[in-house]
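In what follows, a single structure is set out as structure tokens and then discussed.
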Amino acid sequence: MKSKRKVNAPNGTLKCGAMMMIALQVFAGLPKSAYAQTSAPAATTPIKHVIVIIGENRTFDHVFATYTPKNGETISNLLSKGIVKANGKPGPNYSLSAQFSAVDGTAAGTSTYEISPQSKSIYSTLPPALAGGPEAPTVAGPAPFTTLKVGQLADQGLAKDYDQFLVTGATGIAAGKVDTRVTNATNLREGVYQLSGPKMPYDAYTQSPVHRFFQMWQQTDCSVDYVTQENASGCLNDLFPWVETSVGTGSNGAKLPASFNNTTTGEGSASMGFYNMAQGDAPYLKELADKYTISDNFHQSVMGGTGANHIMFGFADSIFYTSAKGVAAAPPTNQIENPNPQASTNDFYDQDGYGGGSYVNCGDIAQPGVPAVTNYLQSLKRPVKPNCVKGDYYLVNNYNPGYAGDGSLYSTLSPFTIPPTSQKSIGDDLVAHNVPFKYFGEDWDLYVTDPTESNTFDEYCNICNPFQYQTQFMGTQAARETYMADTTELYEDIDTGNLPPVSVVKPSGFNDGHPASSKLDLFEGFVKKIVDQVKANPALWNDTAIFITEDEGGGYYDSGYIQPVDFFGDGTRIPLIVVSKYSTGGHVSHEYGDHVSLIKFIEKNWGLPTITTRSRDNLPNPIQKESNPYVPTNSPAIGDLTGDFQFSSK
Numbered sequence: 033m034k035s036k037r038k039v040n041a042p043n044g045t046l047k048c049g050a051m052m053m054i055a056l057q058v059f060a061g062l063p064k065s066a067y068a069q070t071s072a073p074a075a076t077t078p079i080k081h082v083i084v085i086i087g088e089n090r091t092f093d094h095v096f097a098t099y100t101p102k103n104g105e106t107i108s109n110l111l112s113k114g115i116v117k118a119n120g121k122p123g124p125n126y127s128l129s130a131q132f133s134a135v136d137g138t139a140a141g142t143s144t145y146e147i148s149p150q151s152k153s154i155y156s157t158l159p160p161a162l163a164g165g166p167e168a169p170t171v172a173g174p175a176p177f178t179t180l181k182v183g184q185l186a187d188q189g190l191a192k193d194y195d196q197f198l199v200t201g202a203t204g205i206a207a208g209k210v211d212t213r214v215t216n217a218t219n220l221r222e223g224v225y226q227l228s229g230p231k232m233p234y235d236a237y238t239q240s241p242v243h244r245f246f247q248m249w250q251q252t253d254c255s256v257d258y259v260t261q262e263n264a265s266g267c268l269n270d271l272f273p274w275v276e277t278s279v280g281t282g283s284n285g286a287k288l289p290a291s292f293n294n295t296t297t298g299e300g301s302a303s304m305g306f307y308n309m310a311q312g313d314a315p316y317l318k319e320l321a322d323k324y325t326i327s328d329n330f331h332q333s334v335m336g337g338t339g340a341n342h343i344m345f346g347f348a349d350s351i352f353y354t355s356a357k358g359v360a361a362a363p364p365t366n367q368i369e370n371p372n373p374q375a376s377t378n379d380f381y382d383q384d385g386y387g388g389g390s391y392v393n394c395g396d397i398a399q400p401g402v403p404a405v406t407n408y409l410q411s412l413k414r415p416v417k418p419n420c421v422k423g424d425y426y427l428v429n430n431y432n433p434g435y436a437g438d439g440s441l442y443s444t445l446s447p448f449t450i451p452p453t454s455q456k457s458i459g460d461d462l463v464a465h466n467v468p469f470k471y472f473g474e475d476w477d478l479y480v481t482d483p484t485e486s487n488t489f490d491e492y493c494n495i496c497n498p499f500q501y502q503t504q505f506m507g508t509q510a511a512r513e514t515y516m517a518d519t520t521e522l523y524e525d526i527d528t529g530n531l532p533p534v535s536v537v538k539p540s541g542f543n544d545g546h547p548a549s550s551k552l553d554l555f556e557g558f559v560k561k562i563v564d565q566v567k568a569n570p571a572l573w574n575d576t577a578i579f580i581t582e583d584e585g586g587g588y589y590d591s592g593y594i595q596p597v598d599f600f601g602d603g604t605r606i607p608l609i610v611v612s613k614y615s616t617g618g619h620v621s622h623e624y625g626d627h628v629s630l631i632k633f634i635e636k637n638w639g640l641p642t643i644t645t646r647s648r649d650n651l652p653n654p655i656q657k658e659s660n661p662y663v664p665t666n667s668p669a670i671g672d673l674t675g676d677f678q679f680s681s682k
């Protein structure tokens, strides 16, 4: 499933001029000591090492639907809301998860995209659950492998006893066909359903729902007409299967296929499935939640998918298309999003495909799709600024970064590549203040020699590395060797106590937990290897915080509150687990946060400035009332995660 890692051709933000580009290229080529303008600042907390591990595509409810915290702690999930029972069956408030079909297009008398269509009808029966992922094991990859020996050669990033999952979980069903492993797959009720069951083990590959930018805005169905005191954003989260079946991953400019129906996109109602921790699913994540701190109010920072969310994590902002001179420019026409429905269709977008549309000039209200989102933001009781510069075409989905692993331009390999950027990231501030950091991407070493990922063992995620988009960190070999590494080096650094203060860790496609191409138990095994290794080094464990999260919800349903902070997001809730000797006790934090909260923690911990004057790390910490602990009263606001620790008691 390499399509999510590189994009192939299909069958004030800083205005970076030429002088700035040249200056930053020179800056990136300096020896490490020449970066520092000041001495390394001391950490403001006992945390001297931060490790951020980012998995793929799971919402909070999808994983923690039936999790029960220790006595004295409260949680917002499907079980606590009475949507489901601990056995996974519908609860007394099951209707809260009810999903609707809608009409957006000619039949509704409109030719423009809507994030909250008014013509809605509740499903009596959901579209069928459809299968996805490998139908059978393969000899040489990708996983699952036919033999454990080959699997262990391909993947050395798992904790003990997890290698066995490299050869299991094949579906036995062609992708896009009815998933007969799901109980009542063709006769599902109108809301959520338990994914695991008698015929569907937790250790199984499953379908991946759509998770693109404009699709996710529609899935969450946000409107001021639905605003209440408890739901200040008016997001109903009730159009997930409709978006899956009406447009799916997009048209890429093609016309609506003949005989189009609710299985044509190959997804059905995959978005409504959840795992059941109360029945043993996700056991290691549950173990961590019981021992440490989790958040039930942490969110993907951008509506949509992998690339845009990793970019927001790195930059606290979106990045935009530039010319060869490094100034804002218009991208090729077929790469500009146009979610307006095609004539005589119900929501089948004019231009939105994996290799096609991905940029939006959201500073121009006349651009397709922009009015629906911007007008909603501006109509809220506390109006939200889109934070878009007119003329800047921002990347809102997945395109290849500007550079391949060897420093060559990725545009020589694929036209669907955002040009290199010199926009500032958290990496720039860490370097400028002499706080060492490194991006550890699993399979990086192999990827450097195999930029097209033709080797079946090469599952490095190029779109996941925010620093791979930057000239500063990719423009010279010295910079690449200083700031980019494989996870094999991470394991060595942990063992030897040479870990940099800030480590960003990304598993390969084998281990990232992405539906259809990976499994959640493989992500658990990847995380456990790192946690166990850190704990085995007492000196490192004494001053380390490990943040475990996802890049985004993958298009899965979630029942939690969503706070709009700008044009790009936020999106659905995702898991966040904080593992540290200072975060023990099984606490559930309700502080509102998103990926940029991780940046805010790093900045506060080392006394760093915000990245730019417009980056999202300038937002204040949230003020949340006890009567409604999930909704910031000073919106838009995101926390800095310092409340997830108990420093004074250790």
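Using the working numbering, you'd call the opening residue of the sequence shown number 33 and step up by one each time.
Idealized CB from N, CA, C, for every residue including glycine.
- Of the candidates CYS496, GLY625 and THR98, THR98 places its Cα closest to the Cα of SER228.
- Residue environment for ILE343: buried (at least 16 other C-beta atoms within 10 angstroms of its C-beta).
- Taking C-beta atoms as the reference points, GLY557 and LEU190 count as a pair closer than 8 Å.
- Nearest to GLY601 by C-alpha distance, out of PRO418, TYR324 and THR200, is PRO418.
- Counting along the chain, no beta strand (DSSP E) covers PHE633; the unbroken alpha helix (DSSP H) around it starts and ends at 627 to 638.
- In the DSSP assignment, GLN226 is bridged to PHE306.
- Nearest to ILE594 by alpha-carbon distance, out of GLU319, PHE505, THR106 and SER333, is SER333.
- Beta bridge pairing from DSSP links VAL536 with VAL84 and TYR471.
- Residue ranges of uninterrupted beta strand (DSSP E) with 3 or more members, entirely inside the stretch 133 to 211 and ordered along the chain, are 151 to 154.
- For CYS254, the three-state secondary structure derived from DSSP is strand.
- In terms of CA proximity to LEU320, VAL620 leads the group VAL620, ILE450 and ILE458.
- For PHE579, the enclosing beta strand (DSSP E) begins and ends at 576 to 582.
- A direct Cα-Cα distance of roughly 40 Å separates THR377 from ASN666.
- Of the residues assessed, GLU524 falls on the exposed side of the cut-off, its CB having fewer than 16 other CB atoms within 10 angstroms.
- Residue pairing for ASP379: DSSP places it in no beta bridge.
- Looking at the DSSP output, SER327 sits in a beta bridge with LEU608 and SER621.
- Counting along the chain, the unbroken beta strand (DSSP E) around PRO373 starts and ends at 370 to 373.
- Where VAL359 is concerned, there is no enclosing beta strand (DSSP E), because DSSP gives it neither an H nor an E.
- Just measuring C-alpha positions, the residue of HIS627, PHE489 and PRO596 sitting nearest ALA172 is PHE489.
- In the three-state scheme derived from DSSP, where H, G and I count as helix and E and B as strand, THR674 is classed as helix.
- For LYS632, the number of other beta carbons within 10 angstroms of its own is at least 16, and it is reported as buried.
- Within the same chain, Cβ atoms closer than 7 Å to the Cβ of GLN250 are found at ILE147, LEU271 and VAL275, the five residues on either side in sequence being excluded.
- When DSSP assignments are scanned along the stretch 478 to 520, the uninterrupted stretches of alpha helix (DSSP H) that are 4 or more residues long and fall wholly within it turn out to be 503 to 506 and 509 to 515.
- Using a Cβ distance threshold of 8 Å, GLY183 and ALA175 count as a contacting pair.
- Take the alpha-carbon of PRO607 and the one of ASN341: they are about 14 Å apart.
- Within the model, the alpha-carbon separation for ALA571 versus GLY529 is close to 8 Å.
- If you draw a straight line from the Cα of ASP349 to the Cα of GLY137, it comes to about 32 Å.
- Looking at the DSSP output, ASN341 shares a beta bridge with no other residue.
- Ranked by how close their Cα comes to the Cα of LYS636, the residues PRO230, ASP672 and GLN196 have ASP672 in first place.
- Beta-bridge partners of THR449 (DSSP): ASN432.
- Two segments are said to touch when three or more pairs of C-beta atoms, one from each, lie closer than 8 Å; by this definition the stretch 277 to 291 does not touch the stretch 567 to 582.
- DSSP, reduced to helix, strand and coil, places VAL259 outside both helices and strands of the structure shown, so it counts as coil.
- When DSSP states are grouped into helix, strand and coil, GLN656 belongs to the strand group.
- Judged by their CB atoms, GLY618 and LYS231 are not nearer to each other than the 8 Å cut-off.
- For the 8 Å CB-CB criterion, GLU369 and GLY346 do not form a contact.
- Only exposed fits ALA168, as fewer than 16 other CB atoms lie within 10 angstroms of its CB.
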